[in-house]
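Chemist: The structure is given below, and queries will be raised subsequently.
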Amino acid sequence: MPAIEVRNLSKVFRVSEKEPGLGGAFKSLFRRKFRTVPAVSDVSFDIKEGELVGFLGANGAGKTTTLKMLSGLLHPTTGTASVLGFEPWKRKPAFQKQFSLVMGHRTQLWWEIPAQETFRLNQEIYEIPEADYKRNIDELVDLLELQDCLSIPVKKLSLGQRMKAELAAAILHRPKLLLLDEPTIGLDVVMQKKVRQFILEYNRRYKATVLLTSHNMDDVSELCPRILIIERGRLLYDGALRSVVERYAPFKLMRADFSGDVVTADLERIGKVLENRGPSATLEVPRHDVSAKAAELLSRFPVVDLTIEETPVQEVVRRLFIAGGKSGA
Amino acid sequence: MRKYLHVFSISLQNVLQRRASLLMDRVGGLAAFLAIYFFWSAVLGSKDAFLGYSRAQMLTYVLAMNLLRAFVFTGRGWELVNEISSGKISSYLLRPISYIGYTLSLDMAQKTVHLVSAVLEVAVLVYLVGAPVYVPQRAETWLLFAAATAASSLIFFLLEFMVSSLAFWTSQSGGPLFCFELFLQFAAGTFFPIDVLPAGLQAALRMTPFPYLVFFPINIFLERVSRGEAAKLLLIQGCWLAAIFLATRLVWARGLKSYAAEGG
Amino acid sequence: MTASLGKHFRVWRRMAWMSLGQQLSYGVGAAGFLLGKLIRLFFFFAYLVAIFKHTNSLAGYSLTDIAVFFLTFNLVDIVAQIFFRGIYSARRAVEDGDLDYYLIQPCSPLMRMAATMVDFLDIVTVLPVLGLLAATWHRLPAVGVWHAAAYVLLILNGLAIAFSIHVLVAGIAVRTQELENTIWIYRDLMFLGRFPIDIYAAPLRWTLVLLVPIGVMTSFPSQALLGTLSLGWACYAIALAAAALGASLWFWRRSIDQYTSVSS
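Chains as they are written, first to last, in this note's numbering: chain G, 323 to 651; chain H, 1066 to 1329; chain Z, 2 to 265.
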């Protein structure tokens, strides 16, 4: 049995048009005007137990709405979903004890007091026996390097520390399924890496199923062999990450700062010049050639600073969208 | 001066625009007003006088209390506490306008609207229950009362400003302000005139500025003090106003300094 | 069922403990709030006692009777605050997404919302109320067992009505994500509960019994204790509480259903 089974799932929001002010608010209690906005349309997919799947799409494409339906926060308009064998929006405790939803820009931690207090609260909520709690917390502290963060009020933690504590709070009851909505948002590169390592480790150690959304291509490329791409509520692509990247993002972007002006024609020998403004330039370089081209650039030009970037997810999705293909690979 | 007038007029429009929250404020205040009015009405029962107040004087005390609560006890303390806690205050300090003056203009707009509403409430209640109203016999009483009320609303404004400024030192200064406002209601004689209290406590309260906020102005209106005494009370009130003004400036300046020292 | 109750109790206890930690982190500010609440309680009580130095009956009630009403009001009001205070921030819980976490976790979202702020300041304030109440009880003529039982029952009944009002407000907050002021209107209207409702003019009194049942919450228990409440009215009170509970919980479930099917 797959961990997640989604069939023809659709969600149409009825957005109420509120009149301003108290009168309007009162009126809206009884009679409301609605306009409908389709958020997710006819989406179907399966996710096997233990799979790590990335869920990509632009803002408002329907990622969060789908996650909310899978976690039982939203009723679908039509279609069915079975998550760990349950219908999520019935919100059965037996189901709720087996999964966790982490929202990168929200927190369940109590702000003014140390994170371990919230852990203790979750112990009661998820009815975790003391011995299991101790074992899980030790393991999480170790994996996430939380030693110094446990007894400090949450508001005094750095963003990265807070995210790690957030993950720990969500994983304390050892869920079989993790739904992660932008887990690395706002974190610096080092912290992003740690969070990713942790997710991977958790997935491997406990055969946990993970579905994550991200704007960050690195999250997806390091974690998820398989991706789903959603655009305007429709599933555009479901398949291996590798093939979509090779097809739609065959290049990486190299940004270089030079100590003086360089001639565009000279740079063209390294790669396609997208932009050359005085002492800094952006080039497009074939993915498989990146290290050789970088070495060449460094040896031939007075490079002060060099960064190599992935094509942004938005861009990949845009290209995929233009290609118009809904094809499994 | 013109810029403060401008702030006043803008914020007057603002208060009027947020009719909902104004209405809520008034409905809330109305509950206390009605409760206290009927309470005193019950205390009087069929008696003609109580504690030297005639029936009309006693009930007019409550009516006047509603007006004074609207005109005196509407400060901007909570806004100030929020602005200090959130650091928003810095943006005001950079502008070429005195913060106290700016806040006072805002407060005046608020007071104006509340006063109009309070007068209406009193009129409706008087009409509905046929409340006896004490009307001053001497013409100059109106003048003395107006002067006392103006001074008392300034005293309240400054006191609240001073207590709110404590937020410069404590991160959560809502506490002191909350405590101060509740204390003031009783010490000023808002719900109950202070002369019901035992002599000792009463004497102690009379030495503080608090009864000058509600109790003395209403006593001037009810002509329970002679002309000469009223003048004397006004003089003492004026002294309190001056003293509190200086104290508030001092606390404010100190607060700003410690604020700047911490880098906001 | 019992297992679930036990678990909810343990979750509540844990959240109460966390609330205490949170309040202690506010330090001086929390002390200010506590002091303010105590000042309000003692000053109000002192004024009532002082007034009875000048009269011996108020709408037919003695000082002891009036004290029973006032203290019972405080008991109901404060205990409701202890348990339901978290509802005050219902709108914030919806906006910040806390409600989403409550909904996906295996524990009652309504209880989670109410217990986010178990107010320990109020636990401290309820102690002097209980002390004064015990002293007052002592001065009552011998209280029959049935009257005492009816008193306790009607206090619990009053708490059930208070709970329903809070649930209704929480439902409104979830539904509209506005009307944050509704709970403050309730707080303000509660002022009317400090005195026996008999002192109010008939239309107001009926409003407080039938429409906004503050009188049922605060006055009925005392009336039962003093033996002035008829059995019929006691039954009405209990029927009202049952209906209010049922209706508010139904409204809450509807609001959650709507939240999970309409909102984005």
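Where a beta carbon is used, it is the ideal one built from N, C-alpha and C, also for glycine. All values reported here derive from a predicted model rather than from experimental measurement.
1) Within 9 angstroms (strictly less), CB to CB, does serine 1323 of chain H reach chain Z?
2) Compute the Euclidean distance between the alpha carbons of glutamate 439 of chain G and tryptophan 432 of chain G, then round it to the nearest angstrom.
3) Are the beta-carbon atoms of methionine 485 of chain G and glycine 426 of chain G separated by less than 9 angstroms?
4) Strictly below 8 angstroms CB to CB, what residues from chain Z border serine 1086 of chain H?
5) Would you mind giving the Cβ-Cβ distance between leucine 64 of chain Z and valine 144 of chain Z, rounded to the nearest angstrom? I have them listed as a contact below 8 angstroms.
6) Of all the CB atoms in chain Z, is at least one closer than 9 angstroms to the CB of glycine 1329 of chain H?
7) Mapping the DSSP letters down to three states, classify tyrosine 1192 of chain H as helix, strand or coil.
8) When the Cα of glycine 1320 of chain H is compared with those of H:Gln1202, H:Ile1149, H:Gln1175 and H:Thr1255, which residue comes out closest?
9) Just to confirm the assignment: which complete beta strand (DSSP E) runs, minimum length 3, are found wholly within the stretch 1199-1264 of chain H?
10) Out of G:Arg457, G:Leu500, G:Asp611 and G:Ala487, state which residue places its alpha-carbon closest to the alpha-carbon of phenylalanine 441 of chain G.
11) Taking C-alpha atoms, which residue in G:His610, G:Ala562 and G:Arg577 lies nearest to asparagine 598 of chain G?
12) Give, in chain order, every unbroken run of the alpha helix (DSSP H) that is at least 4 residues long and sits entirely within the stretch 361-444 of chain G.
13) Under a three-way DSSP split, which group does serine 1119 of chain H fall into?
14) Could you spell out where the alpha helix (DSSP H) holding methionine 485 of chain G opens and where it closes?
15) Answer yes or no: does any C-beta atom of chain Z fall closer than 9 angstroms to that of valine 1279 of chain H?
16) Throw me the rounded Cβ distance for the threonine 1 of chain Z and serine 223 of chain Z pair, which I believe falls under 8 angstroms.
17) In three-state DSSP terms, what is aspartate 583 of chain G?
18) Using the three-state DSSP reduction, which class does valine 1316 of chain H fall into: helix, strand or coil?
19) Whole angstroms is fine: what's the gap from arginine 254 of chain Z's alpha carbon to histidine 397 of chain G's?
20) Please decide whether alanine 1183 of chain H counts as near chain Z, where near means a Cβ-Cβ distance under 9 angstroms.
21) Could you please give the first and the last residue of the uninterrupted alpha helix (DSSP H) stretch that includes isoleucine 521 of chain G?
22) Do we get a CB-CB distance below 9 angstroms when we pair phenylalanine 421 of chain G with the residues of chain Z?
23) Hey, how far is the Cα of alanine 171 of chain Z from the Cα of aspartate 97 of chain Z?
24) What does the alpha-carbon distance come out to for the pair valine 80 of chain Z and valine 127 of chain Z?
25) Against serine 19 of chain Z, what residues of chain G qualify as contacts under a CB-to-CB distance less than 7 angstroms, listed in chain order?
26) Can you tell me the Cβ-Cβ gap for alanine 1129 of chain H and phenylalanine 1286 of chain H, rounded? I've got them flagged as a contact below 8 angstroms.
27) With DSSP as the reference, please indicate the residues paired to glycine 1303 of chain H in a beta bridge.
28) Can you give me, in chain order, the residues of the stretch 190-208 of chain Z that have a beta carbon less than 7 angstroms from any beta carbon in chain H?
29) Could you pull out every residue in the same chain whose Cβ sits closer than 6 angstroms to the Cβ of valine 405 of chain G, ignoring the five residues on either side in sequence?
30) So, with DSSP's three-state summary, where would you put glycine 87 of chain Z?
31) Using a threshold of 9 angstroms, state whether the C-beta atoms of threonine 531 of chain G and lysine 498 of chain G are closer than that.
32) Mind checking proline 197 of chain Z: buried by the 16 CB within 10 Å criterion, or exposed?
33) If contacts are defined as beta-carbon pairs under 8 angstroms, then threonine 1125 of chain H and valine 1198 of chain H qualify, I think. What distance do you get, rounded to the angstrom?
34) Using DSSP with H/G/I as helix, E/B as strand and the rest coil, what is aspartate 66 of chain Z?
35) With a threshold of 9 angstroms between beta carbons, is methionine 1125 of chain H in contact with chain Z?
36) Measuring CB to CB, does serine 249 of chain Z end up less than 9 angstroms from isoleucine 166 of chain Z?
Modeler: To lay it out plainly:
1) no
2) 8 angstroms
3) yes
4) Asn182
5) Not confirmed; about 17 angstroms, so no contact.
6) Any answer about glycine 1329 of chain H is weak, because its pLDDT of 43 lies below 50 and its placement is not dependable; what the coordinates show is given next. Closer than 9 angstroms: no.
7) helix
8) H:Ile1149
9) none
10) G:Ala487
11) G:Arg577
12) 385-393 and 415-418
13) strand
14) 481-493
15) no
16) Nothing about residue 1 of chain Z can be read from this structure; chain Z reaches only from 2 to 265.
17) coil
18) helix
19) 14 angstroms
20) no
21) 511-528
22) yes
23) 15 angstroms
24) 7 angstroms
25) In the sequence on display, residue 19 of chain Z carries methionine and not serine. Those are Trp432, Ile435, Glu439 and Leu443, listed as they occur along chain G.
26) 6 angstroms
27) BP columns for glycine 1303 of chain H are empty, so no partner.
28) Leu190, Phe192, Leu193, Arg195, Phe196, Ile200, Tyr201, Ala202 and Leu205
29) Ile326 and Leu392
30) helix
31) yes
32) buried
33) 6 angstroms
34) helix
35) One detail in the question is off: residue 1125 of chain H reads as threonine in this sequence, not methionine. No - not a single Cβ of chain Z is within 9 angstroms of the one on threonine 1125 of chain H.
36) yes
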